[in-house]
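Here's the structure we're looking at; comments come further down.
There are 2 protein chains.
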Amino acid sequence: MQAWKTLNKRTVLENGKWVTVEYRTLELPNGQTIEDWAWIILPEYVNVVAVTEVGRFLCFEQTKYAVDGVSLATVGGYIEVGEEPLAAAQRELLEETGYSTTEWLNLGHYAVDGNRGAGVAHFFLATGVVKTQEINADDLEEQQIVMLDRPEVEAALRAGAFKVLAWSAIMALALMHV
Amino acid sequence: MQAWKTLNKRTVLENGKWVTVEYRTLELPNGQTIEDWAWIILPEYVNVVAVTEVGRFLCFEQTKYAVDGVSLATVGGYIEVGEEPLAAAQRELLEETGYSTTEWLNLGHYAVDGNRGAGVAHFFLATGVVKTQEINADDLEEQQIVMLDRPEVEAALRAGAFKVLAWSAIMALALMHV
Numbered sequence: 011m012q013a014w015k016t017l018n019k020r021t022v023l024e025n026g027k028w029v030t031v032e033y034r035t036l037e038l039p040n041g042q043t044i045e046d047w048a049w050i051i052l053p054e055y056v057n058v059v060a061v062t063e064v065g066r067f068l069c070f071e072q073t074k075y076a077v078d079g080v081s082l083a084t085v086g087g088y089i090e091v092g093e094e095p096l097a098a099a100q101r102e103l104l105e106e107t108g109y110s111t112t113e114w115l116n117l118g119h120y121a122v123d124g125n126r127g128a129g130v131a132h133f134f135l136a137t138g139v140v141k142t143q144e145i146n147a148d149d150l151e152e153q154q155i156v157m158l159d160r161p162e163v164e165a166a167l168r169a170g171a172f173k174v175l176a177w178s179a180i181m182a183l184a185l186m187h188v
Numbered sequence: 011m012q013a014w015k016t017l018n019k020r021t022v023l024e025n026g027k028w029v030t031v032e033y034r035t036l037e038l039p040n041g042q043t044i045e046d047w048a049w050i051i052l053p054e055y056v057n058v059v060a061v062t063e064v065g066r067f068l069c070f071e072q073t074k075y076a077v078d079g080v081s082l083a084t085v086g087g088y089i090e091v092g093e094e095p096l097a098a099a100q101r102e103l104l105e106e107t108g109y110s111t112t113e114w115l116n117l118g119h120y121a122v123d124g125n126r127g128a129g130v131a132h133f134f135l136a137t138g139v140v141k142t143q144e145i146n147a148d149d150l151e152e153q154q155i156v157m158l159d160r161p162e163v164e165a166a167l168r169a170g171a172f173k174v175l176a177w178s179a180i181m182a183l184a185l186m187h188v
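Quick mapping for you: the protein sequence lines, in order, are chains A and B. Basically our numbering = 1-based index in the first sequence + 10. Basically our numbering = 1-based index in the second sequence + 10.
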């Protein structure tokens with residue numbers, strides 16, 4: 011199987027460091043050419059499932075612009091320029107919860123949209139987390155920590171209570187390891 | 011917890027029926043206003059995890075523009091205008107694999123990006139699938155059906171072999187029900 015080739019690209023929209031849209035000319039393996047294929051560049055981000063020594067999952071209840079009502083959420087945030095994904099995961103966990111640990115497992119990285127890009131999600135599982143400092147978050151959304159045990163996480167996943175794709179994905183993946 | 015309010019919006023980019031970008035003015039619960047918040051409108055889509063009576067998972071090996079190399083994938087595609095998500099799931103399963111079933115479970119719907127939207131993913135689990143017609147897919151990508159058993163799906167998820175976020179998400183969620 012052969013990949014599509016990018017013949018050229020031009021930027022058609024820029025919204026600061028947050029969103030860039032390119033129109034690309036692509037060549038398919040059969041020789042067909044596609045003009046103006048929209049490619050969306052969003053910052054890469056991390057999500058972290060954090061679990062205490064006694065198996066409590068650190069989650070948030072929060073609002074998010076793209077979802078209706080309150081959602082369960084995981085720790086997460088954008089990777090800063092030049093930052094390694096693991097370092098971003100460790101920073102976000104500490105900033106958003108005040109918890110930290112030395113036990114980190116990489117749960118993979120995933121294209122957010124298979125056609126358009128829309129960023130890359132990097133997932134980490136942090137186990138044995140303990141509270142080591144106060145919360146120091148700069149998020150725009152209101153959020154509140156909730157500690158769930160495994161059956162509560164499973165019930166929440168079955169109910170669709172993690173309403174953002176990445177949160178549901180990392181939670182379900184993490185359960186395969188905890 | 012209060013949601014952000016949309017005060018107004020204007021379209022700043024349109025790429026056919028595939029991508030629309032709006033700049034929106036938002037009001038946060040604390041009264042703060044944000045100008046030019048980029049909101050990305052992509053078609054909503056379905057993904058389907060399809061499992062035969064003997065527990066074989068219908069997957070694809072395929073290429074996708076946003077990922078390097080070959081990825082494992084699930085059945086999926088865009089919802090057509092006026093189509094119900096379940097109907098789209100049933101249509102895509104039949105078109106892409108030739109399999110069908112009467113046993114369908116809704117695995118929820120998820121905002122693809124919590125900040126920007128970028129579409130909504132609707133997930134379904136189809137069990138007891140049987141082959142009832144020939145494949146009739148119109149996908150641009152090359153793809154090839156592979157049948158995996160549960161341990162192979164688990165191993166693939168652990169290895170990050172489902173390289174698109176929605177595929178990894180729905181597979182991990184489906185394992186909670188199969």
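Ideal Cβ positions, reconstructed from N, Cα and C, are used throughout, including at glycine. Note that the structure is predicted; figures quoted are calculated from it, not measured.
query                                                                                                                                                                  : result
Quick one: which residues of the stretch 161-173 of chain A get their C-beta closer than 7 Å to a C-beta of chain B? List them in chain order.                         : Glu-164, Leu-167, Arg-168, Gly-170 and Lys-173
Please list, in chain order, the chain B residues whose beta carbon lies closer than 9 Å to that of Val-122/A.                                                         : Ala-76, Val-122, Asp-123, Ala-128, Val-174, Leu-175 and Ala-176
Under 8 Å: do the stretch 16-23 of chain B and the stretch 177-187 of chain A share three or more Cβ pairs, one atom per stretch?                                      : no
Pull up the distance between the alpha-carbon of Thr-112/B and that of Leu-36/B, whole angstroms please.                                                               : 44 Å
Go ahead and label Val-85/A buried or exposed: buried means 16 or more other beta carbons lie within 10 angstroms of its beta carbon, across all protein chains shown. : buried
What does DSSP give as the partner residue(s) for Val-61/A in the beta ladder?                                                                                         : Phe-67/A and Thr-137/A
I want to know whether the stretch 136-151 of chain B touches the stretch 162-178 of chain B - three or more CB-CB distances under 8 Å.                                : no
Taking Cβ-Cβ distances shorter than 9 Å, what residues in chain A pair up with Thr-73/B?                                                                               : Met-11, Gln-12, Ala-13, Trp-14 and Pro-39
8 Å is my cut-off, CB to CB: does Glu-102/A come that close to chain B?                                                                                                : no
On the three-state DSSP scale, how would you describe Glu-162/B?                                                                                                       : helix
Who does Lys-19/A pair with in a DSSP beta bridge?                                                                                                                     : Arg-34/A
Give the interface partners of Trp-114/A over in chain B, defined as CB-CB distance under 9 Å, in chain order.                                                         : Correct list: empty, because the minimum Cβ distance to chain B is about 16 Å.
Across which residues does DSSP place Gln-72/A in a beta bridge pair?                                                                                                  : Ser-81/A and Gln-153/A
If you measure from the beta carbon of Met-209/B to each beta carbon in chain A, is any gap under 8 Å?                                                                 : A question about residue 209/B goes unanswered here, because the residues of chain B that appear run from 11 up to 188.
Which residues, taken in chain order from the stretch 139-155 of chain A, show a beta carbon closer than 9 Å to some beta carbon of chain B?                           : Leu-150, Glu-151, Glu-152, Gln-153 and Gln-154
Arg-160/A: buried (16+ other C-beta within 10 angstroms of its C-beta) or exposed?                                                                                     : exposed
Is Met-54/B near His-132/B, with beta carbons less than 8 Å apart?                                                                                                     : Note on residue identity: the sequence assigns Glu, not Met, to residue 54/B. Result yes, Cβ atoms of Glu-54/B and His-132/B sit closer than 8 Å.
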